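Numbering of the sequence shown is given in UniProt numbering, commencing with residue 1 and proceeding in unit increments.
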Amino acid sequence: MNHKIRIKSTRIKLLGGYAALLILLLSIFGITLFQLVNRTSYNLIDEELLYDVGNALITFRNQELQSQPPSHTEPLNPNTILDDQYWESNTNPNLLNDRREDNERWWLQYENQAKSQAQPQIPNSSNPKLDKPNLQKLATPPNRTPTPNPWKSETPQQLKKPYLTIWQDLSNDQRIIYRGYSDIFSLPNTATLDTNKIHYRNRDSWREILLFDKDVWVLAGRPLDLKRAEIVIIKNTSIFLGTIILAAGLLGGWWLTGRAIEPINKISNTARTISASNLDQRIDLEKTEDELGQLALVLNQMFDRLKGSFDQQNQFIADASHELRTPLAILVSQIDLALRRDRDTAEYKDALQRCQRSAHRMKQLVDDLLILAAADQNRLKLNPETFDLADAAHFCIEMTTPLAQQNNITLHLNTQPATITADKVKITQVITNLISNAITYNSPNGSVTITITQTARKTTLTVSDTGIGIAPQDVKHIFERFYRVDKARSRQRGGSGLGLGICKSIIDAHQGFIWCESTPNLGSSFSFSI
């Protein structure tokens with residue numbers, strides 16, 4: 001089975017990506033540097049070889065002119081370079097132009113010296129150049145026959161000097177004109193080579209140049225050991241420095257990622273300490289910056305909402321328990337009192353009626369709690385239908401008229417036909433709750449007015465009273481569950497504190513709005529629109 005290793009540490013992931021990028025950049029730089037140094041080294045050797053050949057030809061042509069002046073002089077013609085199985089191309093145009101200019105200067109010097117029958121002056125150089133050819137050897141060159149294998153690789157280890165050979169290819173022979181430090185080397189077969197090109201090649205640890213000038217071939221070579229050793233030193237130095245840079249980069253990346261992740265660790269530790277019993281701790285925003293500061297702010301806001309939800313839940317449980325305890329206590333006390341001794345029928349009937357009222361109150365409370373629980377879980381079922389909201393309001397007034405008459409409250413209906421599509425039963429429940437509250441918390445001999453307005457986009461119902469009003473600091477909490485402005489008076493009047501919370505849940509389920517406007521001692525207005 002193949003198991004993939006998953007790296008969970010963000011710090012290690014960041015460092016791994018940083019290391020991969022750094023290795024890639026160092027590798028590209030190292031390869032480019034190596035290729036550049038290698039090409040530059042070969043170009044320098046090629047220039048030195050061309051310089052050697054030019055010096056040798058100046059000496060050779062100068063001796064020819066001393067004995068028999070030539071009819072014409074032609075400079076070397078390095079216009080093209082051969083590229084076949086034996087010789088490689090060197091297509092650097094700048095290098096070729098430099099070589100043409102150097103050759104023209106050499107031949108111009110050679111021509112002037114020949115006309116004045118003076119000895120040529122070999123240019124000095126800081127680089128190790130080929131030894132000046134011996135004129136006596138040029139005067140009496142040995143002959144050498146071609147060998148069967150023209151490219152025998154025979155390089156004695158003791159031969160570490162530049163070498164040069166000048167010869168003429170005859171029909172059946174090779175006439176050696178000059179040979180220095182290369183007696184053991186075989187001469188190439190030039191029958192297939194282009195005489196108009198300069199040829200280069202690598203042979204073992206040597207770099208060679210071959211060219212044809214008028215009637216002679218010139219072969220020169222230089223050892224590559226020193227240049228290759230320099231390249232190896234540069235390569236090893238680059239690898240060493242690259243390793244140091246990589247190690248320093250990884251250490252720096254480890255430190256930088258550590259600093260970047262430190263605020264995240266603090267946020268995680270703070271979030272880990274927060275629990276249901278400890279919701280007061282918050283993330284320190286002063287120690288976080290940029291995007292992490294925004295994250296910390298959002299988390300603190302979430303913790304505030306979470307704390308509010310927990311507080312509300314705890315208060316809800318406490319209030320629900322208290323509301324249920326009161327009717328249960330009445331129920332139990334009435335039953336105990338009735339069973340304590342024998343009673344007549346009227347006393348038993350009165351006790352049962354008290355128990356019935358307490359049971360109805362508990363049932364109503366449980367039903368309200370179930371409605372709120374379903375609304376919290378978005379499971380409040382709606383049965384939409386089309387009906388006239390004015391008819392529903394008139395029905396609610398009829399239901400609450402006995403309560404209004406009991407409290408000497410006058411009910412007024414100021415409506416017009418307003419057809420809506422909603423859950424009629426639940427909308428009727430909302431209207432009934434609003435009218436009941438307006439009657440219960442009204443002033444003696446007060447009034448309640450129900451108004452309905454309709455536009456093309458929404459329908460609004462408002463229940464206004466002339467009661468005691470609500471203080472501004474209580475208005476924003478009025479739709480919270482179990483919230484009472486005056487807890488003592490609310491319980492005396494039988495309120496549970498869930499009516500307005502249920503109204504808000506029902507209106508929210510219809511994607512509507514409900515709000516309150518109140519002035520203390522003047523009255524309140526509760527409105528909803530759907």
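Ideal Cβ positions, reconstructed from N, Cα and C, are used throughout, including at glycine.
The structure displayed is predicted, hence computed values, not measured ones.
Worksheet item: Counting pairs of beta carbons, one from the stretch 414-431 and one from the stretch 506-517, are three or more of them closer than 8 Å?
Response: The stretch 414-431 makes contact with the stretch 506-517: 3 or more CB pairs, one atom from each, lie closer than 8 Å.
Practice prompt. Kindly provide the ranges of any beta strand (DSSP E) runs that are 3 or more residues long and lie completely inside the stretch 412-465, ordered along the chain.
Written response: DSSP runs (the beta strand (DSSP E)) wholly in the stretch 412-465: 419-423, 447-454 and 459-465.
Worksheet item: Quick one: what does DSSP say R175 is sitting in, helix, strand or coil?
Response: As a first step, residue 175 is located in the sequence shown; it is residue number 175 there, counting from the start. DSSP places R175 in strand when its eight states are reduced to three.
Worksheet item: Excluding sequence positions up to five away, which residues of its chain have a Cβ less than 8 Å from the Cβ of I335?
Response: Residue mapping note: residue 335 aligns to position 335 of the sequence shown, counting from 1. Only A351 and C355 meet the Cβ criterion.
Fill in: Outcome for Y348 when other beta-carbon atoms lying within 10 angstroms are tallied against a minimum of 16
Within the sequence shown, the letter at position 348 stands for residue 348. Classification for Y348: exposed.
Discussion item. Please state the DSSP three-state secondary structure of L380.
Written reply: Locating residue 380 in the sequence shown gives position 380, where the first residue counts as 1. Correct three-state label for L380: coil.
Worksheet item: Less than 8 Å separating the beta-carbons of I439 and N414?
Response: Here the question's residue 439 lines up with position 439 in the sequence shown. Here the question's residue 414 lines up with position 414 in the sequence shown. Taking 8 Å as the cut-off, the Cβ atoms of I439 and N414 do not count as close.
Worksheet entry | Boundaries of the beta strand (DSSP E) in which R222 is found, first to last residue | If you number the sequence shown from 1, residue 222 lands on position 222. Taken as a continuous stretch (DSSP letters only), the beta strand (DSSP E) holding R222 covers V216 to P223.
Discussion item. Below 8 Å on the Cβ atoms is my contact criterion, and I expect R481 with L498 to pass it. Report the Cβ-Cβ distance as a whole number of Å.
Written reply: Taking the first residue of the sequence shown as 1, we reach residue 481 at position 481. Taking the first residue of the sequence shown as 1, we reach residue 498 at position 498. Right, the Cβ-Cβ distance comes to about 6 Å (below 8 Å), so this counts as a contact.
Item to complete: Keeping to the same chain, check which residues put their C-beta closer than 7 Å to that of G446; ignore five residues upstream and five downstream.
Response: In the sequence shown, counting from the first residue as 1, residue 446 sits at position 446. The residues are I409, D465, T466 and G467.
Worksheet entry | The beta strand (DSSP E) enclosing Q168, as first and last residue numbers | As a first step, residue 168 is located in the sequence shown; it is residue number 168 there, counting from the start. That run of the beta strand (DSSP E) goes Y163 to D169.
Worksheet item: How many Å lie between L221 and T195 at the Cα?
Response: Reading the sequence shown from its first residue, position 221 is the one you call residue 221. Reading the sequence shown from its first residue, position 195 is the one you call residue 195. Inspection of the sequence shows that residue 221 is occupied by Gly rather than by Leu. G221 and T195: Cα-Cα distance of roughly 19 Å.
Worksheet item: Ordered along the chain, which non-local residues of its own chain (more than five positions away) have a Cβ less than 8 Å from that of residue 573?
Response: Limits of the chain in this structure are 1 at one end and 530 at the other, which puts residue 573 out of reach.
Item to complete: With a cut-off of 8 Å on the beta carbons, I'd call V216 and I177 a contact; round off their distance for me.
Response: Residue numbering aside, residue 216 sits at position 216 when the sequence shown is read from its first letter. Residue numbering aside, residue 177 sits at position 177 when the sequence shown is read from its first letter. Between I177 and V216 the Cβ distance is about 6 Å, and since that is below 8 Å, they are a contact.
Item to complete: Might you give, ordered along the chain, the residues of its own chain that have their beta carbon closer than 7 Å to the beta carbon of V37, omitting 5 neighbours on each side?
Response: By 1-based counting over the sequence shown, the position of residue 37 is 37. Same-chain partners within the cutoff: I231 and I234.
Item to complete: Determine the burial state of L285: buried for a count of at least 16 other Cβ atoms within 10 Å of its Cβ, exposed for fewer.
Response: As a working mapping, residue 285 is identified with position 285 in the sequence shown. Exposed: under 16 other Cβ atoms inside 10 Å.
Worksheet item: What is the rounded straight-line gap between the Cα of Y18 and the Cα of Q377?
Response: Here the question's residue 18 lines up with position 18 in the sequence shown. Here the question's residue 377 lines up with position 377 in the sequence shown. If you take the alpha carbons of Y18 and Q377, they lie about 47 Å apart.
Worksheet item: Taking the C-alpha atoms as reference points, what is the distance between S9 and N202?
Response: If you number the sequence shown from 1, residue 9 lands on position 9. If you number the sequence shown from 1, residue 202 lands on position 202. Each residue's Cα considered, the two are about 53 Å apart.
Fill in: Which residues DSSP lists as bridging G180, in chain order
Start at 1 with the first residue of the sequence shown, and residue 180 comes out as number 180. Answer by DSSP bridge pairing, in chain order: L164.
Discussion item. With DSSP as the reference, identify every bridge partner of I209, one or two as the case may be.
Written reply: Walking along the sequence shown from the start, residue 209 turns up at place 209. I209 is bridged to Y200 and A220.
Worksheet item: beta strand (DSSP E) containing S525: first to last residue?
Response: Translated into the one-based positions of the sequence shown, residue 525 becomes position 525. Note, S525: beta strand (DSSP E), G523 to S529.
Discussion item. When you compare the CB positions of G258 and L22, do they come within less than 8 Å of one another, or not?
Written reply: As a position in the sequence shown, residue 258 is number 258, starting the count at 1. As a position in the sequence shown, residue 22 is number 22, starting the count at 1. It is not a contact, given that the beta carbons lie outside the stated cut-off.
Worksheet item: If you check the beta carbons only, do S527 and V475 fall under 8 Å apart?
Response: The residue labelled residue 527 in the question sits at position 527 within the sequence shown. The residue labelled residue 475 in the question sits at position 475 within the sequence shown. Result no, Cβ atoms of S527 and V475 do not sit closer than 8 Å.
Worksheet item: Considering only residues of the same chain and omitting the five flanking positions on each side of L210, which have a CB-CB separation below 6 Å?
Response: Residue numbering aside, residue 210 sits at position 210 when the sequence shown is read from its first letter. Sequence-distant Cβ neighbours of L210 in its own chain, meaning closer than 6 Å and more than five residues away, are H199 and L219.
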